[in-house]
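What follows is one structure encoded as structure tokens, with my remarks underneath.
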Amino acid sequence: MPKVTKENALRYHSTGRKGKVEVIPTKPYRTQFDLSLAYTPGVAHPCLEIEANPMDAYKYTAKGNLVAVISNGTAVLGLGDIGAMSGKPVMEGKGLLFKVFADVDVFDIEVEEKDPEKMIEFCRQIAPTFGGINLEDIKAPECFEIEERLKEMLDIPVFHDDQHGTAIISGAGLLNALAISGKKIEEVKMVVNGAGASAISCSKLYVALGVKRENIVMVDSKGVITKKRTDINKYKAEFATDRDISTLAEACVGADLFLGLSVAGTLKKEMLASMAPEPIVFAMANPNPEISYEDAMATRDDLIFATGRSDYPNQVNNVLGFPFIFRGALDVMASDINEEMKLAAAYALAELAKEPVPDEVAKAYNVDKLEFGRDYIIPKPLDLRLISRVAPAVAKAAIETGVARTMITDWDAYTKELDHRVREHINAISTCAVEEIEYND
Numbered sequence: 345m346p347k348v349t350k351e352n353a354l355r356y357h358s359t360g361r362k363g364k365v366e367v368i369p370t371k372p373y374r375t376q377f378d379l380s381l382a383y384t385p386g387v388a389h390p391c392l393e394i395e396a397n398p399m400d401a402y403k404y405t406a407k408g409n410l411v412a413v414i415s416n417g418t419a420v421l422g423l424g425d426i427g428a429m430s431g432k433p434v435m436e437g438k439g440l441l442f443k444v445f446a447d448v449d450v451f452d453i454e455v456e457e458k459d460p461e462k463m464i465e466f467c468r469q470i471a472p473t474f475g476g477i478n479l480e481d482i483k484a485p486e487c488f489e490i491e492e493r494l495k496e497m498l499d500i501p502v503f504h505d506d507q508h509g510t511a512i513i514s515g516a517g518l519l520n521a522l523a524i525s526g527k528k529i530e531e532v533k534m535v536v537n538g539a540g541a542s543a544i545s546c547s548k549l550y551v552a553l554g555v556k557r558e559n560i561v562m563v564d565s566k567g568v569i570t571k572k573r574t575d576i577n578k579y580k581a582e583f584a585t586d587r588d589i590s591t592l593a594e595a596c597v598g599a600d601l602f603l604g605l606s607v608a609g610t611l612k613k614e615m616l617a618s619m620a621p622e623p624i625v626f627a628m629a630n631p632n633p634e635i636s637y638e639d640a641m642a643t644r645d646d647l648i649f650a651t652g653r654s655d656y657p658n659q660v661n662n663v664l665g666f667p668f669i670f671r672g673a674l675d676v677m678a679s680d681i682n683e684e685m686k687l688a689a690a691y692a693l694a695e696l697a698k699e700p701v702p703d704e705v706a707k708a709y710n711v712d713k714l715e716f717g718r719d720y721i722i723p724k725p726l727d728l729r730l731i732s733r734v735a736p737a738v739a740k741a742a743i744e745t746g747v748a749r750t751m752i753t754d755w756d757a758y759t760k761e762l763d764h765r766v767r768e769h770i771n772a773i774s775t776c777a778v779e780e781i782e783y784n785d
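Residues in the sequence shown are numbered consecutively from 345, following the working numbering.
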């Protein structure tokens, strides 16, 4: 893959039509009769139908395939609090990924507001427009309160991808890493370096997968989060340990799993060397992980290693989750994305990685083959099978847990329809991958 430079990135975003997304009509508009149906007087009829039955909005409008990507720009990628407008390229990018991977339409909405109460009220007021809300790049701990409150008050899915996306994808990787190493999840000793939104959500999902809460040690910028500390919020307090340790180095001794969602360079070689046999290291600080791939491999030859980067094996990439999770939720008009739906996505991803990988996927990544093992515990984003594995798993979980408002009875037909509707978008990505050389110097 060509090296990404500032120049070719800026050229990519500014060439031709500015930005990365646009709105396209879906109905005929070439005649006066078409326009009379689209707007006045014909539009009055669906308006009155919706007034009589609000759920008909899913029938007569784009609501059922429309997601709001909402951010206040307080925690944008690795850039921090750069403001709502500065985060817009990221939100547009999210919209592009939703569309090309799962044919989900998006309005990106950047909100100049840091007050959680006002953010909550803003989202509540615009919710009738959408079939779901994807909260993005909102800093902790405010993001927890915003998501929790909106989930309580709205009848559409609200999903903070920075929390749950990373948790679901890495959770799938954890299941497969444990299968390879032969370790039991309930016996795993886990160290979490970082205590923000992603770290806390990952820890919660891992507990739901089977990790014992008492076997988790979480570390923030001030050291190990212990029950003796009085400077921690209620979210960190859930993972406070009673162990008599205070440093990351102490926590790593004998640990089976290192989960890094912090900053580059925090996991030293000697810390990795002190971990248990067959260690699992998820070093996901971006753009540079807590320990480099080269240093990790030079230190241990028995580890399973994952990062957030695309240029190393086992990339934990949220695009493996959110498009297909929302696809499944929207297709059954779900009122929520609950824990069971998240777990279903993680298990579906884990199972897909164990299946034989089509040659077209290996070719897309310029390798001879991909097969389940230490360097392939998570599916690749360009695997065309993702939508037909993850979306149905999420939809089934929604139906089984009672948050679906419409049923799917012919799952084979649904799977085929998913494959058909998204293939042209995935093929477009492959074309772009070939053409991206145009943006290079």
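The beta-carbon is built from N, C-alpha and C at its ideal position, and this holds for glycine as well.
- Around the beta carbon of Lys-686, 16 or more other beta carbons lie within 10 angstroms, which makes this residue buried.
- Exposed is the label assigned to Asn-577, since fewer than 16 other Cβ atoms lie within 10 Å of its Cβ.
- Within the model, the alpha-carbon separation for Asn-409 versus Asp-727 is close to 22 Å.
- With contacts defined as CB atoms closer than 9 Å, Pro-736 and Leu-714 fail to qualify as a contacting pair.
- With contact defined as three or more Cβ pairs closer than 8 Å, the region 506-522 and the region 688-706 are in contact.
- Counting along the chain, Ser-618 sits inside no alpha helix (DSSP H), nor does DSSP assign it H or E at all.
- Distances from the alpha-carbon of Glu-531 to those of Gly-598, Met-497 and Asp-481 put Gly-598 closest.
- Sequence-distant partners of Asn-658 (beyond 5 residues in either direction) whose C-beta falls short of 6 Å from its own C-beta, in its chain, are Ala-650, Ile-721 and Ile-722.
- Between the beta-carbon of Phe-445 and that of Val-455 there is about 25 Å, and that puts the pair past the 8 Å contact cut.
- Here the alpha carbon of Leu-498 sits roughly 14 Å from the alpha carbon of Met-463.
- Within the region 473-526, complete alpha helix (DSSP H) segments of at least 4 residues are found at 486-497 and 505-525, given in chain order.
- Counting the other CB atoms within 10 Å of its CB gives Ile-368 a total below 16, which places it among the exposed residues.
- DSSP, reduced to helix, strand and coil, places Ser-430 outside both helices and strands of the structure shown, so it counts as coil.
- If you draw a straight line from the Cα of Phe-474 to the Cα of Ile-414, it is about 12 Å long.
- Of the residues Ala-419, Lys-364, Tyr-402 and Lys-371, the one whose Cα lies closest to the Cα of Phe-451 is Lys-364.
- The shortest CA-to-CA distance from Val-536 to any of Ala-742, Asp-655 and Thr-591 is the one to Thr-591.
- Judged by their CB atoms, Phe-442 and Val-448 are nearer to each other than the 9 Å cut-off.
- In this structure, the straight-line span from the alpha carbon of Ser-545 to that of Pro-372 is close to 45 Å.
- When DSSP assignments are scanned along the region 657-728, the uninterrupted stretches of alpha helix (DSSP H) that are 4 or more residues long and fall wholly within it turn out to be 666-675, 683-698 and 703-708.
- In this structure, Ala-673 keeps its C-beta atom at 9 Å or more from the C-beta atom of Ala-757.
- If the five residues before and after Phe-488 are omitted, its C-beta is found closer than 6 Å to the C-beta atoms of Tyr-579, all from its own chain and listed in chain order.
- Going by DSSP, Ile-529 is part of no alpha helix (DSSP H) at all; its letter is neither H nor E.
- Cβ contact annotation for Ala-484 (same chain, cutoff 6 Å, sequence separation greater than five): Gly-540 and Ala-541, in chain order.
- By the criterion of a C-beta distance shorter than 6 Å, Leu-601 is surrounded in its chain by Val-532, Met-534 and Ile-624, once the five residues flanking it on both sides are discounted.
- In the three-state scheme derived from DSSP, where H, G and I count as helix and E and B as strand, Ile-624 is classed as strand.
- The beta carbon of Leu-440 sits closer than 7 Å to the beta carbons of Lys-364 and Val-365 from its chain, once the five residues preceding and following it are set aside; these are given in chain order.
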